[in-house]
Amino acid sequence: GCAERALWECPGSQVCIKPSMICDGFPDCPLLVDEANCSVCQDNELACNNHQCVHRTLWCDGKKHCS
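Residue numbers for the sequence shown follow this note's numbering, so the first one is 1 and each next one is one higher.
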């Protein structure tokens with residue numbers, strides 16, 4: 001476990017990160033597990049790096065939809 005109580009231990013390693021670093025779009029754990037299963041988008045949506053969801057009708061329409 002992590003020496004500091006507020007930290008989260010990356011599964012499969014002894015790396016400890018702040019909870020705010022989970023699903024932040026930047027991998028911090030060796031096996032990238034802090035960025036796994038983060039999307040809440042539907043099957044007809046894509047997730048932006050900031051976890052915003054964009055509907056499939058807007059994909060590849062030449063406009064920027066992710067902020």
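All residues carry an ideal CB built from backbone N, CA and C; glycine is no exception.
How should residue i be labelled, buried or exposed, when 16 other C-beta atoms within 10 angstroms of its C-beta is the threshold for buried?
i	result
D34	buried
C66	exposed
C29	buried
C38	exposed
C10	buried
So, residue i versus residue j, is the Cβ gap smaller than 8 Å?
i	j	result
V40	L46	no
Under DSSP, the beta strand (DSSP E) around residue i begins and ends at which residues?
i	result
L46	E45 to A47
For residue i and residue j, I'd like the C-alpha separation in whole angstroms.
i	j	result
H51	D24	8 Å
K18	C48	22 Å
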